[in-house]
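Following: one structure in structure tokens, then a few remarks.
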Amino acid sequence: MIFWSFFRVAFAAYRGFSWGVLSLESVELTVPSAEAPLLSGITLHLPGGHFGAIVGPSGCGKSTLLKTVAGILPHTSGTIRWRGRNLDEIDLDPHELGYVPQFTCAQPRLTVGENLTYATRLRRVGDAGIIRAEVERVEEETGLTDLHDRRAGVLSGGQLRRLGLAMELTTNPSLLLADEVTSGLDPKSEEEITGLLASLARQPGRLVLLVTHSLRFLDQYDSVTVLTEGRLAYGAHPSGLASYFHVPAPEDVYPVLGDRAASAWAEEWNSSPSELGFEIEATVADLASELTTQEELKTSIPGLHSQALAWFSRRMKLFTRDRSQVFLQLALLLVFPVVVTLFAYQGLPAVRNMNMNPDTDVVQQLRESLAFTVQSSRIGTLVSGLAMFQVILLALMGSNNSAREVVGERVILEKEKLAGLRPGAALAGMAAFLSLLVLVQSAWMTLFVRAVCQFPGDLGGQFFPFLMLTAAMTSLCLAISSWAATSEQASLGSLYLVGFQLPLSGAILALPDFLGWMIRPVISAYWAWSGYLQTLKDTRFYDLVRAITETPLATSQMATWVLTLHLGLGLFLAYLGVRRSDWR
Amino acid sequence: MVRRAHQQTSPSLWLVTAIVLIVLAGVGAFFFQKDNNPYRTVEVLKPADYLENANSLRGNIYQLEGVIAASLGSSPEKGRLFSLRTSQGEREFPLPVLVPPAYRDLNLQKGQRYRLKVRVNDAGLMEVEEMTKS
């Protein structure tokens, strides 16, 4: 087996494109918004069992290079190969890649143990015992065992970086990319994290790349890659760094980089006879060893159901730990129905009918007709208004449920997707959590208002349009959240969506006929309002509402169908929004 | 192939989504809109024809829509007789309608708008077979 693997690697090396476990050939990255390429002509070959640093002054493209390797930024030309395969053709398996970004992916309200448990549940198959054992393993590996029960929100910077690393190690990745994880740390913590990464790189076949600005602890690295203005200025053993740049100490390299054009540095490095500084034989041996262990390291990703359950469980825990969120939800739940009932806290008024005797004299008939018109106006407006008021407040609750659900957790979501989370699973987890809110909100609104205002009609028939409306608005706002660039944008978009419901529903002012046919299909509030009023059809309240509104009322079936479409559309758009990549 | 960390939505998927949505909305509207008028297969009564010669319509079944104008009489055995205000074009017609005892529980009041399925009985009077608020 080893002979065969060695042969394969040697053959690849002979062909000259894959003599490192990670090989970059003339990688270039250009973006329309920048005049110069962010990366240009990057050729780099790194072996397994290796700890490499990517260094350079600010803005030189260090993080960009790391993101390009991870696939977060698509390179515009050149090839990136991992273990000989072109990543444009077969991407990195989620379990092959560990990417530790600059920001923390840990949930501050969860403990270290909980963060690791959920990260493992989302990424690895196994029962509770296996998950626990895995968590214990990575805690031990990263020195977090004593912090198992401590909340992430109170960890120091260094401890948080350890936690970020630990979350990535749950899949035992063979390519670990760490972006500025030592930045902003005190020297002791920086040394600890660097040492930890160095020890992690000792696992056979594993390549660890650290992007850092710091040139301290150079002795820990197996290689240093120096970038300047997106070009490769040096990529070899750190011991040769100072002499290559003709400076007394490595710390003096950055000022020297500005003395010449980046292209000149790149040209000089490319023409250097000691291009890599690594022994090819050692690289090939590493790779052969790596290929033999590759299948052993590979583990499968949990199914959609397991991931959705893990996401839902974590969301529930986060919700219950966030007192302000619980308080806000409770306040809305209790206050909104009370506000509705203020308008009819003594119950709906009785309806006085007109005399049906045809022999009544004309004056009497006119007097009765006038009184009935006044009554129709008053009671019809009240009943229609109460129905619409409930609808609008439920729409507001729906928007509050989900306006920040995706956009607020976007960075964590992207990180989890890179680690193997299915977009459908994330959406299912979110939908399960939001369904609980929707169910409670619509049920309580229906029951409370019905009880206080003494609404007649079928209870189930009144609850269902409200349930569907709240679900539809929640899903549509979830879609907005999944496509918004910022939380503010999502909140504003959701608020507009709710704000347009009332005037365009036709409940207060009837729209012109042709406009009504065009606009009503997209106004959820109209359908919920119609569906609710249909349950009053056997009562006089329905007649009075019909007497005061020119807007046609949809049937219950039609209302249910359209609200179902709104719900489905919201979920589908949210799925696309969750699925798309949005790294910030 | 696009790498996993860089998923985007293709324009064709948007187009398919829009088409599917329009088709679903259309299909739903086609089927559920029918519920607006449960008697849509029944011939619409022309009030002028009825008033001109009710006897010639005996035994026929029609649908009509109108507003209850007055109660003309009632009997426990025969039911309630109402005057229904209907319209044909620009003109309004008051028509007598007999609501049988089967609809005893229905709270019929002046000003209510109903859609009716009626049979012209042997006496030339319209007798309600089914009725629903419109």
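First to last, the protein sequences are chains Z and L. In this text, residue positions in the first sequence follow this note's numbering: the first is 1, and each later residue adds one. In this text, residue positions in the second sequence follow this note's numbering: the first is 1, and each later residue adds one. Here a beta-carbon is modelled for each residue, glycine too, at the ideal position from N, C-alpha and C. What you are looking at is a predicted structure, and each value in this text was computed from that prediction instead of being measured.
Look at residue i and residue j and say whether their C-beta atoms are less than 9 Å apart.
| i | j | result |
| --- | --- | --- |
| serine 377/Z | methionine 354/Z | no |
| leucine 197/Z | leucine 165/Z | yes |
| proline 101/L | glutamate 77/L | yes |
| histidine 75/Z | leucine 29/Z | yes |
| alanine 547/Z | glycine 66/L | no |
| serine 87/L | leucine 72/L | no |
| alanine 670/Z | alanine 428/Z | As shown, chain Z starts at 1 and ends at 584. That puts residue 670/Z outside it, with no answer to give. |
| leucine 571/Z | alanine 510/Z | no |
| aspartate 458/Z | asparagine 107/L | no |
| serine 189/Z | serine 156/Z | yes |
| glutamine 63/L | asparagine 37/L | yes |
| leucine 565/Z | alanine 25/L | yes |
| valine 27/Z | leucine 66/Z | no |
Should residue i go down as buried or exposed, given a rule of 16 or more other Cβ atoms within 10 Å for buried?
| i | result |
| --- | --- |
| alanine 128/Z | exposed |
| aspartate 359/Z | exposed |
| tryptophan 14/L | exposed |
| histidine 246/Z | exposed |
| valine 407/Z | buried |
| glutamate 279/Z | Per-residue confidence for glutamate 279/Z stands at a pLDDT of 49, beneath the threshold of 50, marking its modelled position as unreliable; the derived number appears in the next sentence. With fewer than 16 Cβ atoms within 10 Å of its Cβ, glutamate 279/Z is classed as exposed. |
| tyrosine 50/L | buried |
| tryptophan 517/Z | exposed |
| threonine 41/L | exposed |
| glutamate 90/L | exposed |
| leucine 342/Z | exposed |
| glycine 235/Z | buried |
| alanine 48/L | exposed |
| tyrosine 118/Z | buried |
For residue i and residue j, I'd like the C-alpha separation in whole angstroms.
| i | j | result |
| --- | --- | --- |
| arginine 113/L | leucine 348/Z | 22 Å |
| phenylalanine 319/Z | methionine 445/Z | 21 Å |
| serine 40/Z | proline 187/Z | 33 Å |
| isoleucine 54/Z | alanine 106/Z | 25 Å |
| serine 74/L | leucine 81/L | 6 Å |
| valine 253/Z | serine 183/Z | 19 Å |
| valine 99/L | methionine 131/L | 9 Å |
| aspartate 322/Z | glutamate 405/Z | 14 Å |
| leucine 160/Z | glycine 195/Z | 16 Å |
| proline 32/Z | leucine 38/Z | 11 Å |
| alanine 10/Z | glycine 48/Z | Interpretation of alanine 10/Z is limited by its pLDDT of 44, a score under 50 that renders its predicted location unreliable; the figure taken from the coordinates is listed afterwards. Spanning the two alpha carbons is a distance of roughly 15 Å. |
| valine 69/Z | histidine 95/Z | 15 Å |
| leucine 330/Z | leucine 21/L | 35 Å |
| valine 118/L | valine 128/L | 4 Å |
| methionine 473/Z | alanine 29/L | 21 Å |
| glutamate 114/Z | leucine 169/Z | 15 Å |
Kindly list, in the order they appear in chain A, the residues whose Cβ is closer than 7 Å to that of residue i.
| i | result |
| --- | --- |
| serine 83/L | Absent from the structure: chain A. Protein chains present are Z and L. |
Where does residue i fall in DSSP's three states?
| i | result |
| --- | --- |
| valine 27/Z | strand |
| aspartate 122/L | coil |
| proline 96/L | strand |
| alanine 282/Z | Legend: pLDDT at alanine 282/Z = 48, less than 50; position of this residue unreliable, value from coordinates given subsequently. Alanine 282/Z falls in the helix class under three-state DSSP. |
| glutamate 129/L | strand |
| serine 223/Z | strand |
| asparagine 115/Z | helix |
| valine 125/Z | coil |
| aspartate 179/Z | strand |
| arginine 231/Z | strand |
| threonine 86/L | strand |
| glutamate 65/L | strand |
| serine 74/L | strand |
| glycine 79/L | strand |
| tyrosine 99/Z | strand |
| leucine 536/Z | coil |
| phenylalanine 514/Z | helix |
| glutamate 275/Z | No answer about glutamate 275/Z holds up, because its pLDDT of 48 lies below 50 and its placement is not dependable. |
| serine 530/Z | helix |
Which one of the options has the shortest CA to CA distance from residue i?
| i | options | result |
| --- | --- | --- |
| lysine 133/L | Thr564/Z, Thr560/Z, Arg584/Z, Val545/Z | Val545/Z |
| serine 399/Z | Ser524/Z, Thr535/Z, Glu416/Z, Met356/Z | Ser524/Z |
| alanine 471/Z | Ala152/Z, Leu200/Z, Leu394/Z, Lys415/Z | Leu394/Z |
| valine 452/Z | Ile90/Z, Glu114/Z, Tyr345/Z, Gln534/Z | Tyr345/Z |
| glycine 577/Z | Glu409/Z, Thr551/Z, Pro465/Z, Gln501/Z | Glu409/Z |
| proline 423/Z | Leu573/Z, Ala34/Z, Val154/Z, Leu116/Z | Leu573/Z |
| phenylalanine 31/L | Ala261/Z, Thr373/Z, Val363/Z, Trp561/Z | Trp561/Z |
| glycine 59/Z | Trp583/Z, Gly385/Z, Thr171/Z, Gly258/Z | Gly258/Z |
| leucine 207/Z | Val112/Z, Phe51/Z, Val138/Z, Val135/Z | Phe51/Z |
| proline 173/Z | His148/Z, Arg352/Z, Leu418/Z, Tyr532/Z | Leu418/Z |
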